[in-house]
Structure formats: structure tokens, C-alpha cells
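Following: one structure in C-alpha cells, then a few remarks.
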Amino acid sequence: MEYRHHVSEVFVRALNALHEHVDGGWWRSLLGDPDIFIAFRDGALNAYYRGCSLAQLRLVGTEVRAFTHYKYLLKPALKSPMVEARQGVFQFPANWGEDPATVFTSSLADLSAIKRAAKPYAGGEKKFVGEVIRRNNTVFDVEIALTREAEGEVPEGESGKSADRIDIASLKESEAGVELVFYEAKLFQNGELRASGDADARVIGQIGRYVNLLGKYQAEIRTSCLRAAQNVVDLEGLSDSRKAQAKALLGRADSFTISTNPFLIVGDFDADQRDGDVWKKHHQKLVDALEGRLIVAGNASSVRL
Numbered sequence: 005m006e007y008r009h010h011v012s013e014v015f016v017r018a019l020n021a022l023h024e025h026v027d028g029g030w031w032r033s034l035l036g037d038p039d040i041f042i043a044f045r046d047g048a049l050n051a052y053y054r055g056c057s058l059a060q061l062r063l064v065g066t067e068v069r070a071f072t073h074y075k076y077l078l079k080p081a082l083k084s085p086m087v088e089a090r091q092g093v094f095q096f097p098a099n100w101g102e103d104p105a106t107v108f109t110s111s112l113a114d115l116s117a118i119k120r121a122a123k124p125y126a127g128g129e130k131k132f133v134g135e136v137i138r139r140n141n142t143v144f145d146v147e148i149a150l151t152r153e154a155e156g157e158v159p160e161g162e163s164g165k166s167a168d169r170i171d172i173a174s175l176k177e178s179e180a181g182v183e184l185v186f187y188e189a190k191l192f193q194n195g196e197l198r199a200s201g202d203a204d205a206r207v208i209g210q211i212g213r214y215v216n217l218l219g220k221y222q223a224e225i226r227t228s229c230l231r232a233a234q235n236v237v238d239l240e241g242l243s244d245s246r247k248a249q250a251k252a253l254l255g256r257a258d259s260f261t262i263s264t265n266p267f268l269i270v271g272d273f274d275a276d277q278r279d280g281d282v283w284k285k286h287h288q289k290l291v292d293a294l295e296g297r298l299i300v301a302g303n304a305s306s307v308r309l
């Protein structure tokens with residue numbers, strides 16, 4: 005796998021021109037929304053909201069174009085949401101109160117409508133992760149695909165390709181240097197956190213796959229991250245905190261390393277669930293397996309990466 009989570013200088017210049025153009029309002033809206041994280045991909049940018057890619061931007065010739073899945077464009081509120089079927093055949097547009105042309109959001113500038121349409125696809129876990137991302141200004145990347153097969157978007161609740169996509173990558177600074185640290189998040193109710201008898205919970209196997217992939221590709225990840233940091237510095241409209249983070253990384257590039265030992269975040273529970281006898285045995289097994297790389301947080305606001 006060639007790990008490429010960065011874009012070309014030509015693409016950055018085109019995005020900057022769009023940012024300044026009178027028709028670039030939709031792009032400025034994506035950049036300025038605190039709930040959206042702009043992530044660099046292989047020659048593309050993804051605008052993530054609660055784990056959903058609301059738009060992927062690519063350079064086609066000299067034009068910046070955005071691509072959005074149709075499921076995020078269905079308007080969340082319609083005057084007449086029910087479509088009549090006669091003999092099993094839906095009667096539209098003739099006998100439907102809505103004009104099919106107005107059923108879908110027509111512009112990325114209507115970002116609030118697209119976000120509302122995306123919420124049902126995000127699920128509780130992605131909502132939790134989105135809040136963690138919003139509250140931590142050390143986040144460098146999200147929804148990171150560690151295999152070529154995992155690059156596509158995976159629907160909520162499905163496994164397979166999603167098993168090789170880790171939730172968060174965050175920068176950790178110390179006197180020794182800068183380290184990129186990875187985090188996988190699961191809600192307390194997720195059955196993958198539990199296992200009977202002497203077996204390991206399924207999440208331990210997932211973390212183990214991450215360990216192997218990060219070890220295999222750490223040199224490629226490091227190179228791409230440094231190029232992505234330069235993208236962040238050069239791209240107009242990104243937040244001051246992200247630019248400061250990227251500049252700090254580039255300033256200490258010689259000491260930049262990739263951690264191959266991801267953390268697990270377990271979240272969204274109350275005190276009774278946390279202190280219950282049933283959970284304690286599962287919790288201890290996670291503690292033993294992860295050797296200090298377990299973060300247990302009742303809510304996203306208490307997670308510090």
C-alpha cells in the first residue's frame with residue numbers, strides 16, 4: 005500500500021483561489037464549520053461530519069469539484085413525505101405532492117440540511133467520536149484507512165473494510181519530539197468490548213491488526229503526514245489552531261515519529277454501568293491486554309487525547 009493522505013501544491017492553489025472567489029461560499033462554509041473536519045486523502049479532501057464524508061473534493065482539470073453521496077442530499081423535511089404506490093408502482097411525479105426536483109438539497113451551501121440528513125447514518129459511536137474530535141485541537145486526521153480496501157466509506161454497523169479504518173490520529177508533543185498517536189473508540193454498549201472465559205474481546209484483535217499495519221507502513225505514514233502538514237499550512241481558511249499544529253510539526257520534523265500502539269477509548273456510560281460487577285471483569289481484561297493504552301470516559305467531553 006502506498007499511504008497518501010496529502011494533496012498536490014496545484015490542488016492547494018486551486019482551493020485557495022476558490023476560497024477567494026465570489027462563488028466559493030460553499031467551500032468557505034465547509035472550512036468554517038466547527039463540526040466538520042477537513043481530512044487530506046489521496047489527491048482529495050474529505051469533509052467529515054460525525055464520521056460521514058459529506059463531500060469529497062477533487063481537482064478535475066483546473067476545476068475543484070465536490071462529490072456527495074445522494075443519501076446525504078435527501079431533504080430531512082418534506083411537506084408530503086409519503087409516496088403512493090398503485091399495484092406496487094410508485095406514482096411520481098404525477099400523484100405526489102412534492103416535485104422530485106426539490107426533494108434533494110441542491111447546493112453544498114445549504115450545509116445545515118446536509119448535516120441533518122447525515123445524522124441517521126452516523127450512529128452513537130460516530131457522534132461520540134465527532135465530539136471528541138471537536139474538543140481536542142491536537143487531532144491531525146480522522147477515519148484513517150490503513151489498507152487500500154478500507155478507503156471507501158463503510159455504512160454504520162458494518163464490519164469488513166471498516167476494521168482497517170481507525171477513528172482518530174492525534175499529535176503528542178514532548179521534549180523528545182512529536183509523535184502521531186492513534187485512537188479507536190467504542191461505546192460501552194458495544195459487544196466487541198466483552199468476551200467470555202479466557203478469550204479476548206474482539207476489539208483486542210482489531211487493535212492487533214492496527215499494530216501490524218502501523219508497523220508495516222509507519223515510514224510511508226510519516227512521509228505523508230509531513231506533506232499533509234505542509235498542505236495545512238498552505239491552505240487558506242483552515243483554523244488557526246490547525247495551522248499552528250502543522251507548523252509545530254514541521255518545525256520538529258526531524259523528531260517526528262509514528263506510534264504503532266493505538267489507544268482504545270471506551271465511552272458513553274453512567275456510574276452504575278462503570279461500577280457493575282459484570283463490567284469489571286471485562287474492563288480488567290482490556291487493561292491487561294492494552295497495557296496502559298485504555299481510556300475510559302463516561303462522555304466525550306472528558307476525553308483528552
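Anchor point for the sequence shown: position 228 equals 232 in my numbering, and the numbering is continuous, going up by one each time.
Ideal placement from N, C-alpha and C gives every residue a C-beta, glycine not left out.
According to the neighbour-count rule (16 or more other Cβ atoms, all chains shown, within 10 Å of its Cβ), is His9 buried or exposed? The residue you call residue 9 lines up with position 5 of the sequence shown. So His9 counts as buried.
Residues of its chain near Val16, where Cβ-Cβ distance is below 7 Å and the 5 sequence neighbours each way are ignored: On the sequence shown, position 12 is the one that residue 16 refers to. By the criterion of a C-beta distance shorter than 7 Å, Val16 is surrounded in its chain by Asn235, Asp238, Leu239, once the five residues flanking it on both sides are discounted.
When Asp171, Asp244, Ser111 are compared against Phe71, the one with the closest alpha-carbon: As a position in the sequence shown, residue 71 is number 67, starting the count at 1. The residue with the shortest Cα to Cα distance from Phe71 is Ser111.
Entirely enclosed beta strand (DSSP E) segments - the stretch 24 to 102, minimum 3 residues: Listed in chain order, the complete beta strand (DSSP E) runs (minimum 3 residues) inside the stretch 24 to 102 are 41 to 44, 48 to 53, 56 to 64, 67 to 71.
Beta-carbon within less than 8 Å of Ser12's beta-carbon, same chain only, minus the 5 sequence neighbours each way: which residues are those? What you label residue 12 is simply residue 8 of the sequence shown in a count that begins at 1. Taken in chain order, the residues that qualify are Gly47, Leu63.
Have a look at Gly212, Tyr221, Leu218, Ser228 and flag the residue whose alpha-carbon is nearest the alpha-carbon of Glu312. In this structure the chain extends from 5 to 309, so residue 312 is not present and cannot be described.
Got a sec, what are the start and stop residues for the alpha helix (DSSP H) Ala293 sits in? Mapped onto the sequence shown, residue 293 falls at position 289. Taken as a continuous stretch (DSSP letters only), the alpha helix (DSSP H) holding Ala293 covers 281 to 294.
Bounding residues of the beta strand (DSSP E) (the contiguous stretch that carries Asp244): Within the sequence shown, the letter at position 240 stands for residue 244. It is not in any beta strand (DSSP E) - Asp244 instead sits in the alpha helix (DSSP H) that spans 244 to 255.
Between Leu268 and Lys220, which are expected to be in contact by the criterion C-beta below 8 Å, what is the C-beta distance as a whole number of angstroms? Along the sequence shown, read from residue 1 onward, the residue named residue 268 stands at position 264. Along the sequence shown, read from residue 1 onward, the residue named residue 220 stands at position 216. Not confirmed; about 20 Å, so no contact.
So Phe144 is in the beta strand (DSSP E); what residue range does that whole segment cover? Translated into positions along the sequence shown, residue 144 becomes position 140. Taken as a continuous stretch (DSSP letters only), the beta strand (DSSP E) holding Phe144 covers 143 to 149.
Segment contact flag, the stretch 49 to 56 with the stretch 126 to 137, C-beta cutoff 8 Å, min 3 pairs: These segments touch.
According to the Cβ coordinates, are Phe192 and Gln277 closer than 8 Å? In the sequence shown, residue 192 corresponds to position 188, counting from 1. In the sequence shown, residue 277 corresponds to position 273, counting from 1. Phe192 is a Cβ neighbour of Gln277, given a cutoff of 8 Å.
Decide if Asn50 is buried, meaning its Cβ has at least 16 other Cβ atoms within 10 Å, or exposed. Within the sequence shown, residue 50 is the residue found at index 46, counting from 1. That one is buried.
Tyr74: buried (16+ other C-beta within 10 angstroms of its C-beta) or exposed? Position 70 of the sequence shown, counting from 1, holds the residue named residue 74. Burial is judged here by how many other beta carbons sit within 10 angstroms of a residue's own beta carbon; Tyr74 has fewer than 16 and is exposed.
What three-state label does DSSP hand Leu217 in the structure shown? The residue given as residue 217 occupies position 213 in the sequence shown. Correct three-state label for Leu217: helix.
Endpoints, alpha helix (DSSP H) assigned at Tyr125: Counting from 1 along the sequence shown, the entry for residue 125 is found at position 121. Unbroken alpha helix (DSSP H) run through Tyr125: 115 to 139.
Heavy atom of the ligand SAM within 7 Å of Lys119 beta-carbon: Among the ligands in the structure shown, none appear at all, so the ligand SAM cannot be discussed.
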